[in-house]
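Beneath this line is the structure, given in structure tokens, with notes to follow.
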Amino acid sequence: MDLTKFRRRPTCEVRIGRVTIGGRYPVAVQSMTNTDTNDTAASVAQIERIDRAGGKIVRLTAQGRREGENLANIVRQLRADGYDTATVADIHFVPEVAAIAAQYVDKVRINPGNYRNEHGEFEALIEQCRRRGVALRIGVNHGSLAKRVFDRWGDTPQGMVVSAMEFLRICRERDFDQVVVSMKSSNTRVMVAAYRLLVEAMDAEGMHYPIHLGVTEAGNGLEGRVKSAVGIGALLADGIGDTIRVSLTEAPENEIPVARMLVEHFASRPGEFEVLHPERYSPTAYRRRSHVTVPVVHSEPLDGFRILEARSGNPTAELRAAILNLDVADEPVVVRRRYEEPTLEAVAVKAAADLGPLLLDGLADGIWIDAPGFDEAQIRDVELMILQAARVRFSHTEYIACPSCGRTLYDIEKTLADIKARTSHLKNLRIGVMGCIVNGPGEMADADYGYVGAGPGRITLYKGREVIVRNIPQEEALDRLIELIRENGDWTDAPAGKSGK
Ligand code: SF4
Numbered sequence: 004m005d006l007t008k009f010r011r012r013p014t015c016e017v018r019i020g021r022v023t024i025g026g027r028y029p030v031a032v033q034s035m036t037n038t039d040t041n042d043t044a045a046s047v048a049q050i051e052r053i054d055r056a057g058g059k060i061v062r063l064t065a066q067g068r069r070e071g072e073n074l075a076n077i078v079r080q081l082r083a084d085g086y087d088t089a090t091v092a093d094i095h096f097v098p099e100v101a102a103i104a105a106q107y108v109d110k111v112r113i114n115p116g117n118y119r120n121e122h123g124e125f126e127a128l129i130e131q132c133r134r135r136g137v138a139l140r141i142g143v144n145h146g147s148l149a150k151r152v153f154d155r156w157g158d159t160p161q162g163m164v165v166s167a168m169e170f171l172r173i174c175r176e177r178d179f180d181q182v183v184v185s186m187k188s189s190n191t192r193v194m195v196a197a198y199r200l201l202v203e204a205m206d207a208e209g210m211h212y213p214i215h216l217g218v219t220e221a222g223n224g225l226e227g228r229v230k231s232a233v234g235i236g237a238l239l240a241d242g243i244g245d246t247i248r249v250s251l252t253e254a255p256e257n258e259i260p261v262a263r264m265l266v267e268h269f270a271s272r273p274g275e276f277e278v279l280h281p282e283r284y285s286p287t288a289y290r291r292r293s294h295v296t297v298p299v300v301h302s303e304p305l306d307g308f309r310i311l312e313a314r315s316g317n318p319t320a321e322l323r324a325a326i327l328n329l330d331v332a333d334e335p336v337v338v339r340r341r342y343e344e345p346t347l348e349a350v351a352v353k354a355a356a357d358l359g360p361l362l363l364d365g366l367a368d369g370i371w372i373d374a375p376g377f378d379e380a381q382i383r384d385v386e387l388m389i390l391q392a393a394r395v396r397f398s399h400t401e402y403i404a405c406p407s408c409g410r411t412l413y414d415i416e417k418t419l420a421d422i423k424a425r426t427s428h429l430k431n432l433r434i435g436v437m438g439c440i441v442n443g444p445g446e447m448a449d450a451d452y453g454y455v456g457a458g459p460g461r462i463t464l465y466k467g468r469e470v471i472v473r474n475i476p477q478e479e480a481l482d483r484l485i486e487l488i489r490e491n492g493d494w495t496d497a498p499a500g501k502s503g504k
């Protein structure tokens, strides 16, 4: 079996306005607005910026009837300006809004976790979409499973699959195939396991719906890019994925070059390879291959590690095969690859996509990036970020920050920067920074502390899933967050020269 060749999993074609995904079409990149959907001019301007950057599918939140109805004005203005961008409405909680939005947009995304289908609303939506040629996305989120599913399965990848399959079966019973499916989480291990299990479940029932990939709440900067690249890269390397979104807490048009870089990186891989799903990839059977508990970066002592360097055009498959063929099955391994890319961002994204999956899957025990032109400290930081994104070694605070949308109630980019400046030296902590109280608390999932928009200029603070301080003015919120971290014994002072007091 030649494992060094690349093949995408076969899927059916789905039309989203002028864009087709799945089948023989290239992996499409997309983004989402973070403007108020009632603000036509700002939303149109942002969609046009995303389109010019190369994102031809753009989603908007439609949280209520007013936003749903205003999609008509947004689409009309966009077409008048000469843009044929495919538009998607994001629906939470109110099925009636899905029916409104489906009159105007090219695709409707519903979340099975909070879509009430008590009186056949979903079946009616399918028929409405069929009549107008609108696609549907069944978009499951780890942090917002229905109570009924949660009570039986917990917030597990299996629960996410059960949730998606219920809705996919309704689509199939009705012979509606213009359906895309996603299984997002901010935890890369959960996200990758959920997609792999979903593919197995769909294959078992002969379903070939295209797959939308994304890591939610990935944060910003290099760290956000690396986290997305590990999760999305692991699945693209498996041949899974027909459209991707790299969610960043930044201007949405910034997401597009990163997404394109990932797509092009995988598209340039030649030929075919076998998709492997050995037992070890099952989340219930997850285990590390060797005895190493703290994976290493290349500047640390490497005695006792086998160094395996990838040289082919498909490094993930090449290294995976080499590891699985080792004479000593549990020999510790450092995976190594050379990158000639001119920017640190490109080195980080490609290395995360190539090497991150091997760490995430528990196959490799260390990482070694050769990148001439960048100094040791920069490369060490990237290597540590990849280990953290793969959830095998935590060396700095993890931020679970939502990308923001029309529901966001404060300047999340600036707030995230302020929170990072005071807390990034903390270890083994996860801090959720979320734009709204409606979806934020659920979606920050396993964060230790949460900073959530509760109303204009108001913030609610969480410890785990428990509300600690409700609805305080934003000017006080960061100090109160730090007090809360101190009170719980999770605070350490920053090393000299760093902020964080
Ligand atoms: S948490 Fe709220 S504000 Fe943030 S992206 Fe999700 S819905 Fe939008």
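Numbering of the sequence shown is given in the working numbering, commencing with residue 4 and proceeding in unit increments.
Idealized CB from N, CA, C, for every residue including glycine.
In this text the structure is predicted, and so the values were computed from the model without any measurement.
Close Cβ partners of residue i (< 6 angstroms) along its chain, the five nearest in sequence each way excluded
| i | result |
| --- | --- |
| glutamate 258 | Ser34, Val249, Leu251 |
| phenylalanine 269 | Leu239 |
| phenylalanine 397 | Gln391, Asn431 |
| threonine 426 | Thr400 |
| glutamate 511 | No information on residue 511 is available, as it lies outside the stretch 4 to 504 that the chain covers here. |
| alanine 509 | Since the displayed the chain opens at 4 and closes at 504, residue 509 lies outside it and no answer follows. |
The ligand SF4 heavy atom lying under 6 angstroms from the CB of residue i
| i | result |
| --- | --- |
| glycine 458 | no |
Residue i to residue j span [Cα, whole Å]
| i | j | result |
| --- | --- | --- |
| serine 502 | proline 459 | With a pLDDT of 47 at serine 502, under the threshold of 50, the modelled position of this residue cannot be trusted; read the value that follows with caution. Each residue's alpha carbon lies about 28 angstroms from the other. |
| isoleucine 173 | glycine 307 | 54 angstroms |
| valine 300 | glycine 236 | 20 angstroms |
| isoleucine 440 | alanine 457 | 5 angstroms |
| isoleucine 389 | glycine 222 | 14 angstroms |
| proline 444 | tyrosine 107 | 30 angstroms |
| glycine 435 | aspartate 330 | 43 angstroms |
| leucine 3 | glutamate 99 | Shown here, the chain extends from 4 to 504; a query on residue 3 therefore has no answer. |
| arginine 473 | alanine 31 | 41 angstroms |
| proline 260 | glutamate 267 | 10 angstroms |
| leucine 429 | alanine 450 | 14 angstroms |
| glycine 375 | glutamate 51 | Correcting the residue identity first, residue 375 is proline in this sequence and not glycine. The alpha-carbon atoms of proline 375 and glutamate 51 are separated by roughly 37 angstroms. |
| alanine 102 | alanine 45 | 24 angstroms |
| histidine 211 | glutamate 121 | 27 angstroms |
| aspartate 378 | valine 164 | 43 angstroms |
| arginine 18 | threonine 495 | 52 angstroms |
| isoleucine 403 | arginine 433 | 7 angstroms |
Classification of residue i by the beta-carbon crowding that lies within 10 angstroms, buried from 16 upward
| i | result |
| --- | --- |
| isoleucine 310 | exposed |
| proline 29 | exposed |
| proline 360 | buried |
| proline 335 | buried |
| glycine 3 | Because the chain in this structure spans residues 4 to 504, residue 3 falls outside the shown range and cannot be described. |
| valine 297 | exposed |
| glutamate 208 | exposed |
| asparagine 491 | exposed |
Own chain partners of residue i with C-beta closer than 7 angstroms, once the 5 adjacent residues on each side are dropped
| i | result |
| --- | --- |
| threonine 191 | Val218, Lys230, Val233, Gly234, Leu363, Ala392, Ala393, Arg394 |
| glutamate 479 | none |
| alanine 204 | Val164, Met168 |
| glutamine 381 | Leu347 |
| glutamate 386 | Val300, His301, Ile370, Ile372 |
| glutamate 253 | Asn223, Glu416 |
| methionine 264 | Ala349, Val352 |
Neighbourhood of residue i by C-beta distance below 8 angstroms, restricted to the same chain and skipping five residues each side
| i | result |
| --- | --- |
| aspartate 54 | Val61, Tyr86, Thr88 |
| isoleucine 471 | Leu464, Tyr465, Leu487 |
| cysteine 132 | Ala105, Val111, Ala138, Leu139, Phe179, Gln181 |
| asparagine 114 | Ile94, His95, Gly142, Val143, Asn144, Ser147 |
Residue i CB to nearest heavy atom of the ligand NAD below 6 angstroms
| i | result |
| --- | --- |
| glycine 438 | In the structure on display, the ligand NAD does not appear, and the ligands it does have are the ligand SF4. |
TODO: When you get a sec, list the residues whose CB is within less than 5 angstroms of any heavy atom of the ligand SF4, chain order please.
DONE: The filter returns Cys405, Cys408, Arg410, Thr411, Met437, Gly438, Cys439, Asn442, Gly443, in chain order.
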